[in-house]
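Structure follows, in structure tokens:
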């Protein structure tokens, strides 16, 4: 590896790690989050389906299902094409 390639690799690694750190701070650092329905890709939902089709994260079967949700920073759901709703408790 040449000296220039090594410098570029180090610079890119630094940029990537700072981006990941910023994303982690936004989600774990107390930023307000909201349940956004209709934006999760298949297998990337955060928890149970609104319609009761499954009860756990990562179990959605299709992209952008209106019954599956992801936690997103508050105020960003509508701009992603989603809808903020409260889940109704499961019927007993």
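In mature numbering (1 follows the signal peptide of the UniProt record, and there is no 0), the protein residues as written are -23 to -1, 1 to 69. Ideal Cβ positions, reconstructed from N, Cα and C, are used throughout, including at glycine. Just so we're clear, the structure is a prediction, and the values are computed from it rather than from any experiment.
Just to confirm my understanding: we take residue i, look at its own chain, exclude 5 residues before and 5 after, and list those with CB closer than 8 Å. What are they?
| i | result |
| --- | --- |
| residue 48 | 4, 10, 11, 12, 13 and 23 |
| residue 41 | 15, 16, 17, 18 and 58 |
| residue 61 | 11, 12, 13, 14, 54 and 55 |
| residue 7 | none |
| residue 63 | 12 |
Who are the near neighbours of residue i in its chain, counting only those whose CB is closer than 6 Å to its CB and skipping five residues on each side?
| i | result |
| --- | --- |
| residue 39 | 19 |
| residue 45 | 17, 22, 26 and 37 |
If you follow the beta strand (DSSP E) that residue i is in, where does it begin and where does it stop?
| i | result |
| --- | --- |
| residue 13 | 10 to 14 |
In its own chain, which residues sit with a C-beta less than 7 Å from the C-beta of residue i, not counting the 5 before and 5 after it?
| i | result |
| --- | --- |
| residue 34 | 22, 23 and 24 |
Quick one: what does DSSP say residue i is sitting in, helix, strand or coil?
| i | result |
| --- | --- |
| residue 44 | coil |
| residue 60 | strand |
How should residue i be labelled, buried or exposed, when 16 other C-beta atoms within 10 angstroms of its C-beta is the threshold for buried?
| i | result |
| --- | --- |
| residue 59 | buried |
| residue 52 | exposed |
| residue 55 | exposed |
Do residue i and the ligand ADP come close, with the Cβ less than 8 Å from some heavy atom?
| i | result |
| --- | --- |
| residue 46 | The ligand ADP is not part of the structure shown, which contains no ligands of any sort. |
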